[in-house]
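What follows is one structure encoded as structure tokens, with my remarks underneath.
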Amino acid sequence: MASSSGSPSQAADEIRNWLELPRDVTATLLHKLGAIEILESAQKVCTTWRSICKDPAMWRTIDMCNPGELHNMSYDLQKMAMHAIDRSCGELIDINLEHFATDELLQYISERAGQLRCLRLACCYCISDEGLTEATKKLPFLEELIIIFGNIRKGGLENVGCCCPHLKSLAYNDYGCLALASDDEVLAIAETMPVLHHLQLIGNRMTNKGLQAILDGCLFLDPLICGSVGRLFLGGIWGNYVLNRSKICGVQMTPLMIMGFIQPFMGDMDQLMR
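Read in full-length UniProt numbering, the sequence shown has 216 at position 216, and its numbers run on one by one without any break.
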């Protein structure tokens with residue numbers, strides 16, 4: 001009887017072929033797994049893979065993407081992230097943290113990754129304005145900051161702008177109550193981040209005053225992306241002003257932003273600024 005296509009010898013050959021890949025190719029493939037999968041599984045496959053996974057070059061970018069079900073995990077993401085940071089040996093330039101990051105972890109990063117260029121914080125509600133401030137004091141080369149939900153407000157953003165003079169890209173996305181107008185965060189951005197090239201504001205409560213401050217204070221923006229902004233009035237002179245500045249700054253009014261528009265105010269801009 002002929003042997004089946006899934007025989008043990010063929011499976012062994014396939015495993016051997018994986019292990020015989022050039023080291024750089026294997027490193028590229030392993031890196032795509034993300035930090036959690038590497039530390040929990042991939043590095044345990046064989047001595048060659050473990051050696052690759054201990055190379056600091058593998059940890060210049062750390063992605064701690066996870067579904068957020070922390071109570072169902074058998075491992076401590078905070079300790080795992082610290083271990084990954086240690087493996088970078090100071091070469092870390094890009095890190096993504098989701099759901100679990102704390103002020104303590106940010107401080108750990110700032111003390112061991114002074115060359116960090118990109119920091120992404122998604123649903124990290126245990127990070128405070130004070131924690132972000134203390135961390136960014138030691139991250140002068142930070143160029144990109146992404147905050148998706150969380151408790152970072154005016155003070156944190158203001159201090160980031162003061163501590164990170166090279167910051168060129170900021171995403172600050174939240175779901176605050178759009179019925180309550182506030183320009184606090186956007187004014188902090190406008191006043192302390194003049195060299196921004198990219199700015200994304202989703203779910204922000206800014207008014208026309210805040211938008212004008214951004215357009216006038218961040219002259220290098222291309223683009224400015226605003227979504228679900230419910231306190232803007234784009235009628236009359238003000239609407240023309242935004243349109244003209246949009247051509248210069250690349251302002252993108254997303255469908256979410258359009259849905260958030262209040263009935264356009266047809267008076268002049270001086271009235272809107274009061």
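Beta carbons: idealized from backbone N, C-alpha and C, even for Gly.
- Around V186, the same chain offers L201, N204, M206, G210, L211, A213, I214 as residues with beta carbons nearer than 8 Å, after the five sequence neighbours per side are excluded.
- For D94, the three-state secondary structure derived from DSSP is strand.
- DSSP places I127 in the coil class of the three-state scheme, outside both helix and strand.
- Distance check between H31 and each of S51, A181, M58 places M58 closest, using alpha-carbon atoms only.
- Put simply, of E98, K44, Y172 the residue whose alpha carbon is nearest the alpha carbon of P67 is E98.
- Using a 10 angstroms sphere on the CB of R87, the tally of other CB atoms reaches 16 or more, which defines it as buried.
- The region 11 to 59 is shown to contain whole alpha helix (DSSP H) runs of 4 or more residues at 23 to 31, 35 to 40, 47 to 53, in chain order.
- In this structure the region 123 to 140 touches the region 151 to 166; the number of beta carbon pairs closer than 8 Å is three or more.
- Nearest to L139 by alpha-carbon distance, out of S110, F220, K79, K54, is S110.
- DSSP places S110 within a helical segment (H, G or I) once states are collapsed to three.
- For the 8 Å CB-CB criterion, I93 and R50 do not form a contact.
- Separation of the CB atoms of I147 and N173 is rounded to 7 Å, and the pair is thereby assigned contact status at 8 Å.
- If you draw a 10 Å sphere on the C-beta of C46, you find fewer than 16 other C-beta atoms in it, and that means exposed.
- Counting along the chain, T192 sits inside the alpha helix (DSSP H) bounded by residues 184 to 192.
- Taking the CA atoms as reference points, R117 sits about 9 Å from L145.
- Beta-carbon to beta-carbon, E191 and G217 are separated by about 6 Å, close enough to satisfy the 8 Å threshold.
- When only Cα atoms are considered, A122 and E20 end up about 38 Å apart.
- Here the alpha carbon of Y125 sits roughly 13 Å from the alpha carbon of Y175.
- Assignment of beta-bridge partners to C89 by DSSP yields no partner.
- Ranked by how close their Cα comes to the Cα of A27, the residues I52, I38, E40, L180 have I52 in first place.
- Minimum Cα-Cα distance from H197 among the listed residues C163, E143, A101 corresponds to E143.
- In the three-state DSSP reduction, A122 falls in the strand class (E or B).
- Within the same chain, L21 come within 8 Å of L29 by CB-CB distance, once the 5 residues on both sides are set aside.
- Annotation: the continuous alpha helix (DSSP H) that includes Q212 extends over 208 to 217.
- The alpha-carbon of P194 is positioned some 16 Å away from that of K154.
- In this chain, L157 is not harboured by any beta strand (DSSP E); it is covered by the alpha helix (DSSP H) spanning 154 to 163.
- Listed in chain order, the non-local C-beta contacts of C164 below 6 Å within the same chain comprise T136, L142, local neighbours out to five positions each way being set aside.
- Only exposed fits D76, as fewer than 16 other CB atoms lie within 10 angstroms of its CB.
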